[in-house]
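Numbering (this note's numbering), first residue to last: 9 to 120. Glycine included, C-beta positions come from ideal geometry on N, C-alpha and C.
Next up, the structure:
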């Protein structure tokens, strides 16, 4: 299962990188979002899919799972969601002000 998750993360990295290299702001933001989702899946794959009980003191279980990777991923999801929301609002405001979302036109360069 970890192999499938690693391949999925690699596909998300590839598509995210392709979108971040494009010229429009919306594609750049979507690429950044896909890239962060790839990071989340990669962190899950690195941790491994371990089975066990919750790490409680009163439980008598044979094995316990580590809750730290899931907590880090949950925190990262919240941060990436807020970053994506802020970037979308910023891109919308840029489009309303300048009338374009092309990065080269926003730099002031000619398309040749």
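Residue j beta carbon less than 8 Å from that of residue i
i          : j           : result
residue 35 : residue 27  : yes
residue 49 : residue 102 : no
residue 40 : residue 18  : no
Straight-line gap, residue i to residue j (C-alpha atoms, nearest Å)
i           : j           : result
residue 14  : residue 20  : 10 Å
residue 100 : residue 114 : 13 Å
residue 69  : residue 9   : 24 Å
residue 105 : residue 112 : 16 Å
residue 32  : residue 86  : 25 Å
Closest residue to residue i among the options (Cα-Cα distance)
i          : options         : result
residue 90 : 72, 44, 50      : 44
residue 88 : 107, 32, 22, 37 : 37
residue 72 : 64, 60, 83, 11  : 60
Any C-beta of chain D under 8 Å from that of residue i
i          : result
residue 88 : Of the protein chains in this structure there is only one, and it is not chain D.
For residue i, the three-state DSSP class (helix, strand or coil)
i           : result
residue 102 : helix
residue 73  : coil
residue 108 : coil
- Inter-stretch contact (C-beta, 8 Å, three-pair minimum) for the stretch 77-84 and the stretch 47-65: yes
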